[in-house]
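Enquirer:
Chains as they are written, first to last, in my numbering: chain A, 1 to 218; chain B, 1 to 218.
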């Protein structure tokens with residue numbers, strides 16, 4: 001009973017995600033599902049990316065949160081269009097919520113769409129949304145054991161951003177160990193070391209993003 | 001359909017939690033459900049607490065994780081009994097898992113049981129386990145907006161530990177703002193500022209724990 005309910009839910013999610021992906025492709029929008037633990041720096045990353053790329057790409061944002069509009073208020077100040085989705089009692093965005101969000105957005109006005117997922121290193125890995133790439137932010141204060149403890153998130157992502165490297169001198173974080181663990185789970189994954197505070201690595205991340213988008217553009 | 005499945009699940013959880021609580025009370029064990037985001041410092045807190053209290057209280061541990069035995073391996077080195085529960089595809093411990101764990105533990109040998117929940121600021125708030133007190137760890141690098149963004153966790157807890165205060169000079173974290181937000185959600189909550197690295201505040205937290213335990217002991 002439990003398993004069949006779960007299978008139905010996940011099957012329905014896959015079907016809705018495929019529909020979202022078709023809509024995004026038709027509209028020429030490259031979409032990123034951005035995931036992490038609470039407070040790893042997803043919103044700061046979006047802000048730095050908007051600042052670096054706003055003259056090159058038209059960027060839209062979906063903000064997923066349990067409650068509040070704190071993140072969308074921050075991002076809106078950068079002059080981009082933002083849609084807030086509050087998921088209430090759910091622990092992740094799903095394809096149905098994102099589909100409803102896409103229907104409210106002027107997709108033809110975007111080249112790139114960030115979907116900032118709920119802060120959670122578990123549930124968001126289980127739901128595809130229709131995105132082109134999955135990106136996970138792991139901040140150094142969370143510790144270098146996280147890929148081993150939360151393997152699905154790192155297995156299912158196309159890119160891992162090691163954020164808050166400016167704090168490295170104050171932490172015991174083994175970058176070699178964490179990269180080995182991530183590549184053990186996911187050999188093809190791209191990894192960047194960044195700091196949204198100092199700007200380190202933001203250029204390289206933005207270059208990757210632009211290149212990945214070109215790879216799928218018609 | 002969705003709602004009734006959910007109601008059944010939560011109703012069953014409540015019933016099993018009540019059974020766990022009776023067993024704990026009968027065995028004279030004071031139980032803490034310890035929750036936080038990934039990497040906030042739950043395991044380090046348990047280790048510091050064991051070191052501070054091991055001559056006063058007999059302490060047992062249940063470690064809840066998605067995967068791996070990293071945390072239980074760390075805690076076992078302190079000479080305490082530890083049971084690992086790997087929750088797999090679930091995003092939290094629940095009363096059924098904890099009940100199965102309690103059946104395997106020599107409860108009469110413990111005065112205090114830490115149940116370290118899965119690293120997640122959302123799901124664990126929804127499941128009572130049979131614990132006497134709920135404690136949430138919020139580490140400063142996660143940011144001072146977390147209570148507003150994840151209100152259920154802070155509303156449902158008896159105690160909030162603001163951890164990693166040693167990193168405060170390198171962060172923009174407003175302690176007054178976060179305490180006001182937490183007390184706005186939960187006026188009676190106890191809040192401590194601690195650092196498991198420097199030991200700051202650990203004494204005050206342990207004193208609270210001992211006192212809370214005495215309050216319920218027969």
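Idealized CB from N, CA, C, for every residue including glycine.
#1: Take every Cβ of the segment 22-39 of chain A, pair it with every Cβ of the segment 105-119 of chain A, and state whether three or more of those distances are shorter than 8 Å.
#2: Taking C-beta pairs closer than 9 Å, name the residues in chain A that residue 119 of chain B reaches, listed in chain order.
#3: Span of the alpha helix (DSSP H) holding residue 146 of chain B?
#4: What do you get for residue 40 of chain B, buried or exposed, if any count of 16 or more other CB atoms within 10 angstroms of its CB means buried?
#5: May I ask you to verify whether the segment 71-78 of chain A touches the segment 143-156 of chain A, counting CB pairs closer than 8 Å and requiring at least 3?
#6: Inspect the beta-carbon positions of residue 219 of chain A and residue 29 of chain A and report whether they are closer than 8 Å.
#7: List the whole-angstrom C-beta distance separating residue 140 of chain B from residue 98 of chain B, where the pair is believed to meet the contact cut-off of C-beta under 8 Å.
#8: Tell me whether residue 1 of chain A sits in a helix, a strand or coil according to DSSP, three-state version.
#9: Hey, how far is the Cα of residue 95 of chain A from the Cα of residue 202 of chain A?
#10: According to DSSP, is residue 166 of chain A part of a helix, a strand, or is it coil?
#11: Would you tell me roughly how many angstroms separate the C-alpha atoms of residue 67 of chain B and residue 88 of chain B, rounded to the nearest one?
#12: So, under 8 Å CB-CB, residue 42 of chain B and residue 178 of chain B are touching, yes? Tell me the CB distance rounded to an integer number of Å.
#13: Put residue 90 of chain B into one of helix, strand or coil per three-state DSSP.
#14: Measuring CB to CB, does residue 91 of chain B end up less than 8 Å from residue 123 of chain B?
#15: Taking buried to mean at least 16 other C-beta atoms within 10 Å of its own C-beta, is residue 1 of chain A buried or exposed?
#16: Using DSSP's beta-bridge definition, name the partner residues of residue 194 of chain A.
#17: Would you kindly work out how many angstroms separate the C-alpha atoms of residue 210 of chain A and residue 197 of chain A, rounded to a whole number?
#18: Do the CB positions of residue 183 of chain A and residue 111 of chain A come within less than 8 Å of each other?
#19: Give a yes or no on whether the minimum CB-CB distance between residue 164 of chain B and chain A is below 8 Å.
#20: Can you grab the Cα-Cα spacing for the pair residue 14 of chain B / residue 134 of chain B, in whole Å?
#21: Just to make sure I have the definition right: I need the residues of chain A whose C-beta is within less than 9 Å of the C-beta of residue 139 of chain B. Which are they?
#22: Of the residues that make up the segment 60-73 of chain B, which ones have a beta carbon closer than 7 Å to any beta carbon in chain A?
#23: Quick one: is residue 7 of chain A buried, meaning 16 or more other Cβ sit within 10 Å of its Cβ, or exposed?
#24: Can you tell me the Cα-Cα spacing of residue 219 of chain A and residue 114 of chain A, whole angstroms?
#25: In whole angstroms, what is the alpha-carbon distance linking residue 180 of chain B and residue 84 of chain A?
#26: Hey, would you say residue 192 of chain B sits closer than 8 Å to residue 143 of chain B, going by beta carbons?
#27: Helix, strand or coil, according to DSSP, for residue 54 of chain A in the structure here?
Expert: According to the data block:
#1: Short answer: they touch.
#2: Translated into the one-based positions of the second chain, residue 119 of chain B becomes position 119. In chain order: 37, 121, 122, 142, 146, 149, 150.
#3: Walking along the second chain from the start, residue 146 of chain B turns up at place 146. Residue 146 of chain B -> alpha helix (DSSP H) spans 146-149.
#4: Residue mapping note: residue 40 of chain B aligns to position 40 of the second chain, counting from 1. Answer is buried; the Cβ neighbour count reaches 16.
#5: As far as the Cβ criterion goes, the segment 71-78 of chain A does not touch the segment 143-156 of chain A, which means the pair count is below three.
#6: Chain A is shown only over 1 to 218; residue 219 of chain A falls outside these bounds and no answer can be derived.
#7: Against the second chain, residue 140 of chain B aligns to sequence position 140. Against the second chain, residue 98 of chain B aligns to sequence position 98. A Cβ-Cβ separation of about 29 Å leaves residue 140 of chain B out of contact with residue 98 of chain B under the 8 Å criterion.
#8: Within the first chain, residue 1 of chain A is the residue found at index 1, counting from 1. The predicted model places residue 1 of chain A with a pLDDT of 48, which falls under 50 and marks its position as unreliable, so this point remains unresolved.
#9: Residue mapping note: residue 95 of chain A aligns to position 95 of the first chain, counting from 1. Residue mapping note: residue 202 of chain A aligns to position 202 of the first chain, counting from 1. Straight-line measurement puts the Cα of residue 202 of chain A at about 29 Å from the Cα of residue 95 of chain A.
#10: Counting from 1 along the first chain, the entry for residue 166 of chain A is found at position 166. It is helical.
#11: Counted from its first residue, the second chain places residue 67 of chain B at position 67. Counted from its first residue, the second chain places residue 88 of chain B at position 88. Across the structure, residue 67 of chain B and residue 88 of chain B are spaced so that their CA atoms are roughly 6 Å apart.
#12: For this step, residue 42 of chain B is matched to residue 42 along the second chain. For this step, residue 178 of chain B is matched to residue 178 along the second chain. Not confirmed; about 18 Å, so no contact.
#13: Locating residue 90 of chain B in the second chain gives position 90, counting from the first residue. Shown here, residue 90 of chain B sits in coil according to DSSP, grouped into three states, outside any helix or strand.
#14: Within the second chain, the letter at position 91 stands for residue 91 of chain B. Within the second chain, the letter at position 123 stands for residue 123 of chain B. In this structure, residue 123 of chain B lies closer than 8 Å to residue 91 of chain B by Cβ.
#15: The residue given as residue 1 of chain A occupies position 1 in the first chain. For residue 1 of chain A, the predicted model reports a pLDDT of 48, less than 50, meaning its position is unreliable and no value from the coordinates is stated.
#16: If you number the first chain from 1, residue 194 of chain A lands on position 194. Bridge partners of residue 194 of chain A: none, in fact.
#17: The residue you call residue 210 of chain A lines up with position 210 of the first chain. The residue you call residue 197 of chain A lines up with position 197 of the first chain. Their backbone Cα atoms lie some 22 Å apart in a straight line.
#18: Position 183 of the first chain, counting from 1, holds the residue named residue 183 of chain A. Position 111 of the first chain, counting from 1, holds the residue named residue 111 of chain A. In this structure, residue 111 of chain A does not lie closer than 8 Å to residue 183 of chain A by Cβ.
#19: Mapped onto the second chain, residue 164 of chain B falls at position 164. Yes - at least one Cβ of chain A is within 8 Å of the one on residue 164 of chain B.
#20: Counting from 1 along the second chain, the entry for residue 14 of chain B is found at position 14. Counting from 1 along the second chain, the entry for residue 134 of chain B is found at position 134. The alpha-carbon of residue 14 of chain B is positioned some 15 Å away from that of residue 134 of chain B.
#21: The residue you call residue 139 of chain B lines up with position 139 of the second chain. Those are 39, 141, 142, listed as they occur along chain A.
#22: Those residues of the segment 60-73 of chain B placed with their C-beta closer than 7 Å to a C-beta in chain A are 65, 66, 67, 68, 70, ordered along the chain.
#23: The sequence position of residue 7 of chain A within the first chain is 7, counting from 1. So residue 7 of chain A ends up on the exposed side.
#24: Here chain A covers residues 1 to 218 and nothing more, so residue 219 of chain A does not appear.
#25: Working through the second chain from its first residue, we reach residue 180 of chain B at position 180. Working through the first chain from its first residue, we reach residue 84 of chain A at position 84. It is roughly 25 Å from the alpha-carbon of residue 180 of chain B to the alpha-carbon of residue 84 of chain A.
#26: Residue mapping note: residue 192 of chain B aligns to position 192 of the second chain, counting from 1. Residue mapping note: residue 143 of chain B aligns to position 143 of the second chain, counting from 1. No, they are not a contact pair.
#27: Within the first chain, numbered from 1, the residue matching residue 54 of chain A stands at position 54. Note: residue 54 of chain A maps to coil in three-state DSSP.
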